[in-house]
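Taking it in order: structure first as structure tokens, then the write-up.
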Amino acid sequence: MIMLTALGAASAQEAQRVLRLEPGPENPRNSEGDFIQLKDGRILYAYTRFTGDASDYGAADIAGRYSSDGGRTWTQEDVIILKNEGAVNTMSVSLLRLQSGRIAFLYLVKASRGDCRPYLRFSDDETVTWTDPIQCVDTPGYFVVNNDRLVQLRDGRLLIPAARHGIGLERILTRGSALCFLSDDEGRSWRQSETVLEAPPESKAGLQEPAVIELKDGRLMMLCRTDMGSQYRSWSDDGGVTWSAAEATDILSPLSPASIERVPKTGDILLAWNDHRGIADELKPYRTPFTIAVSNDEGLTWRRILTLEDDPNGWYCYTAMEFTDEALLLAYCAGDRRTGGLNATQITRIVFD
Numbered sequence: 001m002i003m004l005t006a007l008g009a010a011s012a013q014e015a016q017r018v019l020r021l022e023p024g025p026e027n028p029r030n031s032e033g034d035f036i037q038l039k040d041g042r043i044l045y046a047y048t049r050f051t052g053d054a055s056d057y058g059a060a061d062i063a064g065r066y067s068s069d070g071g072r073t074w075t076q077e078d079v080i081i082l083k084n085e086g087a088v089n090t091m092s093v094s095l096l097r098l099q100s101g102r103i104a105f106l107y108l109v110k111a112s113r114g115d116c117r118p119y120l121r122f123s124d125d126e127t128v129t130w131t132d133p134i135q136c137v138d139t140p141g142y143f144v145v146n147n148d149r150l151v152q153l154r155d156g157r158l159l160i161p162a163a164r165h166g167i168g169l170e171r172i173l174t175r176g177s178a179l180c181f182l183s184d185d186e187g188r189s190w191r192q193s194e195t196v197l198e199a200p201p202e203s204k205a206g207l208q209e210p211a212v213i214e215l216k217d218g219r220l221m222m223l224c225r226t227d228m229g230s231q232y233r234s235w236s237d238d239g240g241v242t243w244s245a246a247e248a249t250d251i252l253s254p255l256s257p258a259s260i261e262r263v264p265k266t267g268d269i270l271l272a273w274n275d276h277r278g279i280a281d282e283l284k285p286y287r288t289p290f291t292i293a294v295s296n297d298e299g300l301t302w303r304r305i306l307t308l309e310d311d312p313n314g315w316y317c318y319t320a321m322e323f324t325d326e327a328l329l330l331a332y333c334a335g336d337r338r339t340g341g342l343n344a345t346q347i348t349r350i351v352f353d
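With our numbering, the residue at position 4 of the sequence shown is 4, and numbering never jumps.
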């Protein structure tokens with residue numbers, strides 16, 4: 001257990017690492033996942049459990065661990081939630097309780113090195129069984145959707161933020177273009193946003209791994225990772241159909257995703273990312289440190305709360321957030337970049353005074 005003092009706040013917070021999923025024989029990588037709170041009081045954490053090699057193209061299933069005490073302790077054995085459905089793998093989980101009460105389960109299926117698309121299932125019995133999968137994107141192509149990214153807007157619309165890295169190609173393109181897929185019938189059918197966002201031409205990476213949050217005034221805000229030294233931001237005022245041109249922010253970061261969610265008790269927005277303000281030059285390419293910040297003005301400004309991890313060899317990314325009555329649960333990749341930064345995942349539980 002470690003004690004961390006908030007920057008700019010008088011109270012202390014307690015952060016406890018409650019689960020660490022290390023790689024092992026025949027399981028070279030455990031990475032990106034998401035949480036769902038079940039009606040019986042348990043919390044499920046589902047994540048990508050690799051059984052091939054540790055690359056993004058290694059064979060992988062979706063596995064799960066459970067907590068019955070608000071995230072303090074977790075079961076020690078994996079339960080397979082979904083066997084590999086792709087010729088390559090199945091990965092990158094989002095779990096979301098819908099307004100109807102159903103649980104939505106979004107994940108990526110890689111059919112080849114150039115074909116990666118999101119699929120959606122539902123559960124009406126608290127994850128005991130799942131419906132048949134719905135293919136959310138008809139066009140073959142490589143679409144990256146991060147974990148913990150599925151959003152339901154107040155009007156019921158479902159939104160999947162994605163980065164397109166090529167259509168109908170044998171191999172993916174490095175440069176990404178950001179877009180959204182939208183459903184107004186609880187996931188039965190999907191359409192693409194009218195706007196496809198591009199980064200400035202000097203960017204080699206483009207816009208990647210977008211995250212979207214609905215603001216109190218009904219607009220949507222998107223953050224994308226870039227190789228331009230910061231997160232880029234775009235706005236939508238029509239539920240994700242069209243978007244403003246993406247612009248640089250003062251959220252300085254490496255080529256690494258940010259995660260944003262609303263804090264239920266306060267209505268503030270929580271941001272998790274690799275804070276590169278004042279970072280040493282030799283650390284600029286790396287996904288460290290790992291920091292959370294809060295905004296009480298709908299994402300216009302951010303107040304730094306605490307740095308959770310600062311190992312210069314750490315590789316911290318692909319965050320999932322879950323708010324319980326007592327604490328914040330954060331799951332994130334936390335490996336060593338020298339031996340495989342994405343290979344280990346851990347859950348940290350934070351209780352605010």
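In this text, a Cβ means the ideal position worked out from N, Cα and C, and glycines have one as well.
Do residue j and residue i come within 9 Å of each other at the CB atom, strictly closer than that value?
i, j, result
"E14", "V351", "yes"
"F181", "V263", "no"
"I347", "W130", "no"
"A178", "R188", "no"
"L270", "M321", "yes"
"I81", "A46", "yes"
"D217", "E298", "yes"
"A63", "D78", "yes"
Report all residues from its chain with a CB closer than 8 Å to the CB of residue i; omit the five preceding and five following residues, and keep chain order.
i, result
"S203", "R175, T226, D227, M228"
"G156", "Q99, D184, E186"
"P312", "L283, Y286, T288"
Could you have a look at residue i and say whether DSSP puts it in helix, strand or coil?
i, result
"D250", "strand"
"D115", "strand"
"R20", "strand"
"L283", "helix"
"E214", "strand"
"G335", "strand"
"A320", "strand"
"M221", "strand"
"E209", "strand"
"C180", "strand"
"T174", "coil"
Tell me which same chain residues have a C-beta within less than 7 Å of the C-beta of residue i, skipping the five on either side of it?
i, result
"S92", "E32, T48, Y107, L108, V145, N146, N147"
"Q152", "L96, L98, Q99, L158"
"N296", "D268"
"I2", "Its pLDDT being 30, under 50, I2 is placed unreliably in this model, and the value from its coordinates should be taken loosely. So the list reads A15, once near-sequence residues are dropped."
"K284", "P254, H276"
"D124", "R102"
Can you find the residues in the same chain that come closer than 6 Å, C-beta to C-beta, to residue i, ignoring five residues on each side of it along the sequence?
i, result
"W190", "C136, F181, S183"
"G168", "P140"
"A9", "Caution applies to A9, whose pLDDT of 38 falls short of 50 and renders its modelled position unreliable; the value that the coordinates give is listed next. Contacts found: none."
"Q231", "L223, T249, I251, S253, A258"
"V241", "S193, E194"
Among the options, which residue has its Cα nearest to the Cα of residue i?
i, options, result
"G340", "D125, D53, L150", "D53"
"L173", "D125, R42, G114", "G114"
"I103", "T127, P312, P28, R337", "T127"
"S94", "G70, L120, R349", "L120"
Looking at the ligand COA, does it come within less than 8 Å of residue i, judged from the CB to the closest heavy atom?
i, result
"V212", "Annotation note on the ligand COA: not contained in the displayed structure, which lists no ligands."
Quiz item: Of all the beta strand (DSSP E) runs that stay within the bounds of the region 43-109, which reach a length of 3 or more residues?
Solution: 43-50, 60-67, 79-82, 89-97
Point to revise | beta strand (DSSP E) runs wholly inside the region 259-315, at least 3 long, in chain order | key: 259-262, 269-273, 290-295, 303-309
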